[in-house]
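Participant: This is the structure I have questions about; it appears just below.
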Amino acid sequence: MGTVVDAANQDLNGRLAENNPSVVFVLGGPGSGKGTQCANIVEHFGYTHLSAGDLLRAEIKSGSENGTMIQEMIREGKIVPSEVTIKLLQKAMQAIGNDKFLIDGFPRNEENRVAFEKVKMSMSNGLRLDTGLQTKIEPAFVLFFDCPEKEMERRILSRNQGREDDNVETIRKRFNVFLDSSLPVIRHYEARGKVEKIDAARPVAEVFQSVKEIFAPKYEKVV
Ligand SMILES: Nc1ncnc2c1ncn2[C@@H]1O[C@H](COP(=O)(O)OP(=O)(O)OP(=O)(O)O)[C@@H](O)[C@H]1O
Ligand SMILES: O=c1ccn([C@@H]2O[C@H](COP(=O)(O)O)[C@@H](O)[C@H]2O)c(=O)[nH]1
Ligand SMILES: [Mg+2]
1 MGTVVDAANQ DLNGRLAENN PSVVFVLGGP GSGKGTQCAN IVEHFGYTHL
51 SAGDLLRAEI KSGSENGTMI QEMIREGKIV PSEVTIKLLQ KAMQAIGNDK
101 FLIDGFPRNE ENRVAFEKVK MSMSNGLRLD TGLQTKIEPA FVLFFDCPEK
151 EMERRILSRN QGREDDNVET IRKRFNVFLD SSLPVIRHYE ARGKVEKIDA
201 ARPVAEVFQS VKEIFAPKYE KVV
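Counting in full-length UniProt numbering, the sequence shown runs from 1 upward without gaps.
Pasting the structure below:
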């Protein structure tokens with residue numbers, strides 16, 4: 001948790017100070033539409049989208065020494081150890097010259113959340129210069145895409161992206177992991193007034209309309 005002084009210093013985008021990044025965690029069940037809506041947010045609001053799942057899949061493809069372990073965990077719908085995922089997120093955030101990030105599909109359990117809260121990052125600013133400042137990152141808010149399982153399953157089974165975990169057996173496991181491990185993370189942030197819950201069962205454009213209503217006021221000038 002940030003201190004009271006941190007909270008007082010936060011601007012509307014959740015930055016703690018000039019060079020600190022604004023992070024929004026994008027959470028929701030498998031197939032709830034996180035990736036789809038993140039693409040829209042990137043286009044309209046200039047965020048960088050980091051999907052933890054995409055980073056892990058890229059790590060498998062890269063032939064990294066962790067590749068086999070990650071692949072096994074994904075096939076089983078299990079959560080990859082925090083240090084692996086956080087290292088990938090940290091590397092991506094530090095390499096990208098932006099200060100606004102959508103972190104999609106992470107933190108996935110309480111262990112992920114606590115481990116990320118402890119991490120200090122030295123961020124680049126918009127000009128890709130390393131500021132040298134070591135910063136703890138607190139999410140500005142959490143976007144939660146709420147969708148019934150039946151609809152999420154329907155979407156995943158018609159996604160056709162060749163994902164090894166998009167099959168009925170693994171989908172069941174992913175739903176259980178979401179209920180048992182990821183919902184407690186959302187509840188944690190809910191208790192702190194940080195969750196923006198969206199009905200994600202509607203068509204893409206309608207969901208994005210609700211997303212815009214959350215992001216747009218944060219870009220209006222305070223007079
Ligand atoms: N609101 C929507 N209505 C209907 N289909 C949708 C909607 N949003 C996304 N989809 C479709 O559902 C599928 C899953 O969406 P997406 O990949 O964005 O979900 P996700 O939450 O990122 O899933 P995962 O957690 O598995 O990565 C995609 O084929 C996408 O085109
Ligand atoms: O923080 C994370 C994110 C993802 N995983 C693993 O990857 C798959 C797929 O994730 P998507 O968000 O659906 O792309 C997920 O089921 C986990 O096995 C993870 O371990 N940690
Ligand atoms: Mg996704």
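Just so you know, even glycine gets a beta-carbon here, dropped at the ideal spot from N, CA and C.
1) Give me, in chain order, the residues of the same chain whose beta-carbon lies closer than 7 Å to that of V114; leave out the 5 immediate sequence neighbours on both sides.
2) Cβ of Q90 within 8 Å of Cβ of M121?
3) I need the straight-line Cα distance from E213 to V24, nearest angstrom please.
4) Compute every distance between the C-beta of residue 226 and the non-hydrogen atoms of ligand 2, then say whether any falls below 7 Å.
5) So, helix, strand or coil for V84, using DSSP?
6) Specify, as a first and last residue, the run of the beta strand (DSSP E) that F178 falls within.
7) Q37 to P30, Cα distance in whole Å?
8) Is any heavy atom in ligand 2 found nearer than 7 Å to the beta carbon of R174?
9) So for I74, helix, strand or coil by DSSP?
10) By the three-class DSSP mapping on this structure, what secondary structure does V26 have?
11) What is the rounded straight-line gap between the Cα of Q161 and the Cα of R155?
12) Rounded to a whole number of angstroms, what is the C-alpha to C-alpha distance between E208 and N40?
Facilitator: With the given structure in hand:
1) Here the question's residue 114 lines up with position 114 in the sequence shown. No residues qualify anywhere along the chain.
2) On the sequence shown, residue 90 is found 90 positions in, with the first residue counted as 1. On the sequence shown, residue 121 is found 121 positions in, with the first residue counted as 1. Yes; because the gap between Cβ atoms is below 8 Å, this pair is in contact.
3) Position 213 of the sequence shown, counted from the first residue, corresponds to residue 213. Position 24 of the sequence shown, counted from the first residue, corresponds to residue 24. Going from the Cα of E213 to the Cα of V24 covers about 15 Å.
4) The question about residue 226 has no answer, for the chain in this structure spans 1 to 223.
5) The sequence position of residue 84 within the sequence shown is 84, counting from 1. DSSP, read as helix, strand or coil, puts V84 in helix.
6) Along the sequence shown, read from residue 1 onward, the residue named residue 178 stands at position 178. Run containing F178: none; DSSP gives neither H nor E here.
7) Counting from one through the sequence shown, the residue named residue 37 turns up at place 37. Counting from one through the sequence shown, the residue named residue 30 turns up at place 30. Cα to Cα, the separation comes out at about 13 Å.
8) Stepping through the sequence shown from its first residue, residue 174 is reached at position 174. It does: the Cβ of R174 is within 7 Å (strictly closer) of some heavy atom of ligand 2.
9) Residue mapping note: residue 74 aligns to position 74 of the sequence shown, counting from 1. Here I74 sits in helix by DSSP.
10) To locate residue 26, count along the sequence shown from 1; it is residue 26. Looking at V26 - three-state DSSP - the assignment turns out to be strand.
11) Against the sequence shown, residue 161 aligns to sequence position 161. Against the sequence shown, residue 155 aligns to sequence position 155. When rounded, the distance between both Cα atoms is 11 Å.
12) Here residue 208 is taken as the residue at index 208 of the sequence shown, counted from 1. Here residue 40 is taken as the residue at index 40 of the sequence shown, counted from 1. For clarity, residue 208 is Phe in the given sequence; the question names Glu instead. F208 and N40: Cα-Cα distance of roughly 7 Å.
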